[in-house]
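In what follows, a single structure is set out as structure tokens and then discussed.
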Amino acid sequence: NKGKIVYALKPSIYDYILKSERKTQIVYPKDLGYIIARTGLASGDIVIEIGTGSGALTTFLANIVKPNGHVYTYDLNEEFMNIAKKNVIKAGLEEYVTFNIQDVNQEDIDIEADMVAVDLGDPWNVIDFIKRVLKPSKMLVAICPTMNQAEKLSTALRDGFIDIECNEIMIRTIEAREGMTRPSFRMIGHTTYLVFARRLYDSR
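Numbering (my numbering), first residue to last: 91 to 294.
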């Protein structure tokens, strides 16, 4: 009634992630994009995710591996898992995800993964499990909000893994207008550190 035009657009995976319900910190698109590029994840791959949280990473991974791949995600918090399920269902990706309320170190999980994603406060505690399930030469990515986590994990990965890399991804928005283009005054300085590593053939 104010004479403004409103456009109704079909939501993209970017929209689903940023507008998802959440009770935890999420992995943001700027980090998600590099995760896929660095790990080489593709349609048809099998992913194990340890630490489902609110399901932003779960949703993105499922969108990449569909229609013939699958994401097996594990968390101990039932409330977080229920929120993640809602977010995955809202994105229409539920057939590509299996949700498990389990401790991966206490269960006999017989899955061979093309990629393992970890989002835990103590990711070094699941390294032995990762060695069992991650295919040789395939990649692990860990979401580490603090430098202390990234440092401790990187040290632990030197037994059985190679190509260890720690990154922080930053994105700078540009206000592009004719005759007055400039960087945006606002910028998110830090979301997380990403630790990558490839499993060696003899590390089981």
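Cβ atoms here follow ideal geometry from the backbone N, Cα and C, with glycine treated the same way. Here the structure is a predicted model, which means the values were calculated and not measured.
* Asked: In the DSSP assignment, what are the bridge partners of Gly207?
  -> Sequence index remark: in the sequence shown, residue 207 carries index 117 (1-based). The sequence given here places Ala at residue 207; Gly does not occur at that position. Paired residues: Glu139, Val231.
* To do: With distances taken Cα to Cα, identify the nearest neighbour of Arg276 among Tyr291, Gly269, Glu265, Ile107.
  => Within the sequence shown, residue 276 is the residue found at index 186, counting from 1. Cα-wise, what sits closest to Arg276 is Glu265.
* Identity of the residue in Lys92, Gln115, Met205 nearest Pro235 by Cα -> Translated into positions along the sequence shown, residue 235 becomes position 145. Of the candidates Lys92, Gln115, Met205, the one whose C-alpha sits nearest the C-alpha of Pro235 is Gln115.
* Asked: According to DSSP, what are the bridge partners of Ala146?
  -> In the sequence shown, the residue the question calls residue 146 occupies position 56. Per DSSP, none; premise fails for Ala146.
* **Beta-bridge pairing of Ile191 - partner residues as DSSP gives them** => Here residue 191 is taken as the residue at index 101 of the sequence shown, counted from 1. Asp165, per the DSSP bridge assignment.
* To do: Report the three-state DSSP secondary structure of Lys225 (helix, strand or coil).
  => To locate residue 225, count along the sequence shown from 1; it is residue 135. Strand.
* Asked: Beta carbon of Thr142, beta carbon of Phe189: below 9 Å?
  -> Here the question's residue 142 lines up with position 52 in the sequence shown. Here the question's residue 189 lines up with position 99 in the sequence shown. Yes, the Cβ-Cβ distance between Thr142 and Phe189 is below 9 Å.
* Among the residues of its own chain, which have a CB less than 6 Å from the CB of Pro213, if the five just before and after it don't count? -> On the sequence shown, residue 213 is found 123 positions in, with the first residue counted as 1. Here the set comprises Ala232, Leu243.
* Check whether the stretch 256 to 274 touches the stretch 209 to 225, taking contact to mean three or more Cβ pairs, one atom from each stretch, closer than 8 Å. => no
* Excluding sequence positions up to five away, which residues of its chain have a Cβ less than 7 Å from the Cβ of Val194? -> Here residue 194 is taken as the residue at index 104 of the sequence shown, counted from 1. Around Val194: Ile140, Tyr164, Val216, Phe219.
* Is the stretch 170 to 190 touching the stretch 202 to 211, taking contact as three or more C-beta pairs under 8 Å? -> no
* Leaving aside the five residues before and after Ala146 along the sequence, list all residues of the same chain whose C-beta is less than 6 Å from its C-beta, in chain order. => If you number the sequence shown from 1, residue 146 lands on position 56. The residues are Ile107, Ser110, Ile116, Val117.
* Nonlocal neighbours in the same chain, by C-beta distance under 6 Å from Glu258, ignoring five residues either side -> Taking the sequence shown and counting its residues from 1, the one referred to as residue 258 is at position 168. Only Tyr283 meet the Cβ criterion.
* Roughly how many angstroms separate the alpha carbons of Val161 and Lys92, rounded to a whole number? -> Here residue 161 corresponds to residue number 71 of the sequence shown, with the count starting at 1. Here residue 92 corresponds to residue number 2 of the sequence shown, with the count starting at 1. Taking the straight line joining both Cα atoms gives about 46 Å.
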